[in-house]
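Asks:
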Amino acid sequence: MTPRLSVVDLSLGYEGQVFMRGIDLEVGSGEIVAVLGPSGSGKSTLLGEITGVLPVPHGHVLVDGRDVTTAPIQERGVGLLFQEPLLFPHLDVAANIAYGLRRHGWDRRRATARAHELLNWLGLDGYGPRRPDQLSGGQAQRVALARALAPQPAVLGLDEPFSALDADLRRRLAVEVAAVLRESGVAAIHVTHDAEEAQAIADRVIELPSLGSPA
Amino acid sequence: MTLPAWLRWSWVLPAAFLAVFLAYPLATLVRTIASSAGGFAADLVDTSLWQVAGLAVLQALASTLLALLIGLPLANVATRYRYRGRALVQALVTVPFVLPTVVVALAVRSLLGPGMPQGLALVVIAHAYVNLAVVTRIVGSQWAQQTGELELVARTLGASRWRAFVDVTLPGLRPSIITSAAVVFVFSFSSLGIVLLLGDATTRTLESQVLRQVSVLLDFPGAAASAIVQLVVVSLVLLLGAVASRGQSSRRRRPVPLHPLPTLPGPRLAVLGTAAFGSAIVLLPIIALVLASLRGPAGWTLDWWASLGSVDAGTTRLAPPSAALATSLGYAAVTALVAALVGGAAALAILVPGRARVIAVIGMVPLGVSAATLGLGTLLAFGRPPFDLRGTGLLVPVAHALVAVPLVIAVVTPALRGTDPRLAALAATLGARASRAFWTAHGPVLRVAMVASAALAGAVSLGEFGAAAFLARTDSPTVPVQIVRLLGRPGDQSVGVAAALAVVLVVVTLLLVLLIDRWGSTRTSRRSAVAA
Chain E
3 MTPRLSVVDL SLGYEGQVFM RGIDLEVGSG EIVAVLGPSG SGKSTLLGEI TGVLPVPHGH
63 VLVDGRDVTT APIQERGVGL LFQEPLLFPH LDVAANIAYG LRRHGWDRRR ATARAHELLN
123 WLGLDGYGPR RPDQLSGGQA QRVALARALA PQPAVLGLDE PFSALDADLR RRLAVEVAAV
183 LRESGVAAIH VTHDAEEAQA IADRVIELPS LGSPA
Chain W
208 MTLPAWLRWS WVLPAAFLAV FLAYPLATLV RTIASSAGGF AADLVDTSLW QVAGLAVLQA
268 LASTLLALLI GLPLANVATR YRYRGRALVQ ALVTVPFVLP TVVVALAVRS LLGPGMPQGL
328 ALVVIAHAYV NLAVVTRIVG SQWAQQTGEL ELVARTLGAS RWRAFVDVTL PGLRPSIITS
388 AAVVFVFSFS SLGIVLLLGD ATTRTLESQV LRQVSVLLDF PGAAASAIVQ LVVVSLVLLL
448 GAVASRGQSS RRRRPVPLHP LPTLPGPRLA VLGTAAFGSA IVLLPIIALV LASLRGPAGW
508 TLDWWASLGS VDAGTTRLAP PSAALATSLG YAAVTALVAA LVGGAAALAI LVPGRARVIA
568 VIGMVPLGVS AATLGLGTLL AFGRPPFDLR GTGLLVPVAH ALVAVPLVIA VVTPALRGTD
628 PRLAALAATL GARASRAFWT AHGPVLRVAM VASAALAGAV SLGEFGAAAF LARTDSPTVP
688 VQIVRLLGRP GDQSVGVAAA LAVVLVVVTL LLVLLIDRWG STRTSRRSAV AA
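Heads up: the sequence lines are chains E and W, in that order.
Sequential numbering of the first sequence, starting at 3, is according to the working numbering.
Sequential numbering of the second sequence, starting at 208, is according to the working numbering.
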């Protein structure tokens with residue numbers, strides 16, 4: 003079966019400087035791969051190149067077998083979940099979740115109905131009309147997850163999405179999110195420096211330095 | 208923190224100054240209207256008044272739109288990207304705002320005048336030029352706080368670059384766009400110097416109408432009616448702007464690092480091209496102004512500069528055009544002193560808990576009163592018995608000080624508030640009395656802020672035209688008044704001499720602003736170095 007995400011002979015670079023070469027990685031449907039490494043090791047660069055935020059100096063990124071190496075961000079089928087929920091402050095919770103569906107051609111009514119279904123799925127029934135600043139940290143991160151998954155991306159990048167939460171909530175939410183990700187069939191790539199968190203939710207843990215060779 | 212007892216009385220000086228020189232003239236204005244009985248009502252329903260008001264609204268809307276169209280992309284490249292020369296672009300964009308409006312008008316006329324007749328288009332272009340800094344600074348400071356992550360999220364959800372800008376960036380900038388639009392609108396709606404020099408018979412503002420009614424038609428009640436209508440419109444727009452821009456986020460004030468230039472050639476060129484375009488827009492009129500001061504009908508010449516010292520080239524028959532410079536510098540010095548004292552005392556009063564908000568609001572009132580209204584009111588109150596101050600030479604600096612006091616308050620208050628309150632407490636624990644402890648904590652900052660704001664007040668006075676047009680004596684005009692008078696006369700010499708005078712004013716104003724900037728930043732960095 004074609005992996006949902008394939009990274010082939012990828013180099014990592016920033017502002018014209020390549021610092022790692024030859025990265026190969028595959029992630030299947032419903033699989034969670036954690037990429038572990040200290041800060042500055044290139045985890046975020048890897049995620050940036052997969053999502054299209056950063057240009058790829060060398061190599062290829064394939065999503066569902068399609069080469070998206072030079073495709074614009076919005077056409078890659080790759081979602082992102084950041085450390086902070088980054089909900090759009092001027093939209094209510096339901097409109098935040100519906101945003102991606104609207105960009106994929108859904109009409110407003112259908113998109114809003116789907117947003118409420120996703121809220122329901124994440125145990126946040128009735129939160130649709132709330133504004134982002136009326137949510138707790140954990141609730142906001144759940145809404146961000148629902149928003150990222152709503153347009154059914156093939157791949158979801160998680161950039162230490164629990165690090166801003168307290169330890170107890172972090173553990174609970176990580177387990178909860180892992181279950182949601184497996185159920186959704188998305189290929190998840192989770193970059194973190196927290197080995198314990200990586201072990202707790204990932205199917206595979208890879209240390210970044212072992213993925214490629216220094217340039 | 209224990210504040211010294213005398214601080215509780217620091218409100219007296221600004222209150223007395225504003226009562227005598229703002230409230231009393233405005234009351235006199237209202238009394239003049241009331242005493243004209245039926246006249247004022249007739250003036251208010253006069254269709255020509257509303258025609259002027261309507262045209263001024265359209266002109267101000269067009270000016271605001273153009274300022275936003277050019278200012279928004281400039282705000283983006285001047286505040287968010289990292290590239291060589293960014294600081295220069297930022298500084299350049301501010302230049303038109305510190306230039307006297309009369310100088311801007313002449314500069315724009317020197318650049319576009321030959322190909323573009325006087326009228327609405329020139330006025331709108333000049334207004335947009337002056338206000339580039341307003342849009343760039345106000346919107347830029349909010350834009351610089353945006354990390355770009357929200358747009359990135361929108362794009363991973365399927366939005367194109369443009370769609371993410373419309374859906375996410377613009378709503379985030381809404382408060383600052385509204386605030387800057389309100390400021391530009393008010394400036395353009397109540398503009399005087401630019402409208403006088405670049406407008407035609409149909410391009411008038413209520414401000415220019417007031418001047419005409421007073422100086423040509425001697426219709427004081429009519430002028431008062433125009434002034435009042437303008438006051439109402441300006442207050443309404445500022446109020447609407449304040450209400451609509453509520454929610455200006457103060458949550459996120461952490462420094463956001465500058466973005467590197469985009470890697471794709473297209474967007475990269477767009478950023479650098481916008482920066483170059485913005486710099487050219489700012490510089491071209493100034494270059495045209497300098498050239499105008501050096502060109503005569505027969506080619507290059509220094510005649511206009513030489514004429515600065517010639518009585519024949521002046522408009523008073525008594526003194527050369529350069530005498531206006533001495534007059535303006537004298538007024539600027541008095542303005543700087545008065546505004547710094549009054550504004551400084553008001554800023555100190557704002558430190559006292561309980562009445563801070565009242566003093567802050569009252570201190571800002573002169574901002575809402577147009578210069579011509581201020582000039583007219585002052586003329587009515589102090590230009591005739593029983594309080595005839597015309598012979599004292601104080602009317603212009605007092606009016607200028609009123610214009611500058613809100614700026615002084617705006618500079619000094621945050622500086623005082625930024626002082627660590629624990630310093631005063633610390634001094635007190637070491638045995639300092641309340642006054643001594645207060646000066647130990649606030650004195651150094653206060654000195655820097657007072658000198659900087661005094662220089663700012665001086666710069667404002669040098670360029671101010673509206674109030675001076677009413678109050679400057681015929682035989683001793685200020686530089687902006689002299690420039691307008693020169694341009695009212697036919698002949699190449701008048702335009703050339705006006706351009707030379709304007710270049711001198713540009714140099715003096717920029718030197719003053721540069722001095723404030725350098726001095727303020729050196730002192731501040733030295734202090735922070737000591738603190739660190």
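Glycine included, each C-beta is placed from N, C-alpha and C at the ideal position.
The structure presented is a predicted model; accordingly, all values stated were derived computationally and were not measured.
(1) Does DSSP put H62(E) in a helix, in a strand, or in coil?
(2) Which term fits S41(E), buried or exposed, when burial requires 16 or more other beta carbons within 10 angstroms of its beta carbon?
(3) Would you mind telling me which residues of chain W sit closer than 7 Å to V70(E), beta carbon to beta carbon, in chain order?
(4) What do you reckon, are the CB atoms on A666(W) and V603(W) nearer than 7 Å?
(5) Starting from the C-beta of S13(E), find all residues in its chain whose C-beta is less than 6 Å away, skip the five residues before and the five after it, and write them out in chain order.
(6) Give a yes or no on whether the minimum CB-CB distance between E414(W) and chain E is below 7 Å.
(7) Quick one: residues in its chain with C-beta nearer than 7 Å to the C-beta of R475(W), no 5 flanking neighbours on either side, listed in chain order?
(8) Which chain E residues are close to A361(W), counting only those with a beta carbon under 9 Å from its beta carbon?
(9) Return helix, strand or coil for R502(W), following the three-state DSSP convention.
(10) Who does R23(E) pair with in a DSSP beta bridge?
(11) How many angstroms separate the CA atom of E199(E) from the CA atom of D161(E)?
(12) What separation, rounded to the nearest whole angstrom, lies between the Cα atoms of P134(E) and L151(E)?
(13) Are the CB atoms of Y129(E) and V179(E) nearer to each other than 7 Å?
(14) Name the two residues that bound the continuous alpha helix (DSSP H) containing G582(W).
(15) Quick one: what does DSSP say E77(E) is sitting in, helix, strand or coil?
(16) For L229(W) and A606(W), I'd like the C-alpha separation in whole angstroms.
(17) Short of 7 Å in beta carbon distance, which residues of its chain neighbour Q201(E), apart from the five on each side in sequence? Order them along the chain.
(18) Identify every run of the alpha helix (DSSP H) within the segment 367 to 391 of chain W, keeping only runs that are complete inside it and at least 4 residues long; order them along the chain.
(19) Which residues of chain E have a Cβ atom closer than 7 Å to the Cβ of G365(W), listed in chain order?
(20) When DSSP labels each residue in this structure, what does H106(E) get in the three-state scheme?
(21) Mark A207(W) as exposed unless 16 or more other C-beta atoms lie within 10 angstroms of its C-beta, in which case mark it buried.
(22) Using the Cα positions of R68(E) and G79(E), report the straight-line distance between them to the nearest angstrom.
(23) Secondary structure at G550(W), three-state DSSP: helix, strand or coil?
(24) Give the C-beta separation of I493(W) and A234(W) to the nearest angstrom, bearing in mind that I take them to be a contact with Cβ-Cβ under 8 Å.
(25) Might you give, ordered along the chain, the residues of its own chain that have their beta carbon closer than 7 Å to the beta carbon of A366(W), omitting 5 neighbours on each side?
(26) Does the Cβ of S457(W) have 16 or more other Cβ atoms within 10 Å, making it buried, or fewer, making it exposed?
(27) Please list, in chain order, the chain W residues whose beta carbon lies closer than 8 Å to that of G81(E).
(28) From the DSSP output, which residues share a beta bridge with H192(E)?
(29) Using the rule of at least 16 other Cβ atoms within 10 Å of the residue's Cβ for burial, across every protein chain shown, is T53(E) buried or exposed?
(30) Which chain W residues sit within Cβ distance under 7 Å of F84(E)?
(31) Is L532(W) helix, strand or coil when you go by DSSP?
(32) Under a CB-based cut-off of 7 Å, is F21(E) close to chain W?
(33) Contact criterion: CB-CB distance below 7 Å. Does E17(E) meet it with respect to chain W?
(34) Using a C-beta to C-beta distance shorter than 9 Å, which residues of chain W count as neighbours of R149(E)?
(35) Provide the residue span of the alpha helix (DSSP H) that contains G261(W), from first to last.
(36) Taking CB distances under 7 Å as the criterion, tell me whether V565(W) reaches chain E.
Replies: For this structure:
(1) strand
(2) Counting Cβ neighbours within 10 Å, S41(E) comes out exposed, since fewer than 16 surround it.
(3) Within 7 Å Cβ-Cβ: nothing; V70(E) doesn't reach chain W, min ~12 Å.
(4) The beta carbons of A666(W) and V603(W) sit no closer together than 7 Å.
(5) Within the same chain, Cβ atoms closer than 6 Å to the Cβ of S13(E) are found at V20, R23, P59, H60 and G61, the five residues on either side in sequence being excluded.
(6) With 7 Å as the cut-off, E414(W) does not count as an interface residue toward chain E.
(7) Cβ neighbours of R475(W) beyond the five flanking positions: L468 and P469.
(8) Near A361(W) (Cβ distances below 9 Å), the residues of chain E are Q76, F90, Y101, G102 and R105.
(9) strand
(10) Looking at the DSSP assignment, R23(E) forms a beta bridge with S215(E).
(11) 12 Å
(12) 18 Å
(13) Pairing Y129(E) with V179(E) gives a Cβ-Cβ distance that is not under 7 Å.
(14) A578 to F589
(15) Three-state result, E77(E): helix.
(16) 9 Å
(17) V207
(18) 368 to 371
(19) Q76, G102, R105, H106 and P153
(20) coil
(21) Since the first residue of chain W shown is 208 and the last is 739, residue 207(W) is not available in this structure.
(22) 10 Å
(23) helix
(24) With a Cβ gap of about 42 Å, I493(W) and A234(W) do not count as contacting.
(25) D374
(26) Because S457(W) carries a pLDDT of 46, less than 50, the predicted location of this residue cannot be relied on, and the following value inherits that uncertainty. Per the 10 Å Cβ criterion, exposed.
(27) T363 and L364
(28) Note: H192(E) sits in a beta bridge opposite A36(E) and L160(E).
(29) buried
(30) Contact of F84(E) with chain W by beta-carbon distance below 7 Å involves E356.
(31) helix
(32) no
(33) yes
(34) V360 and L364
(35) T254 to T286
(36) By this cut-off, V565(W) is not an interface position.
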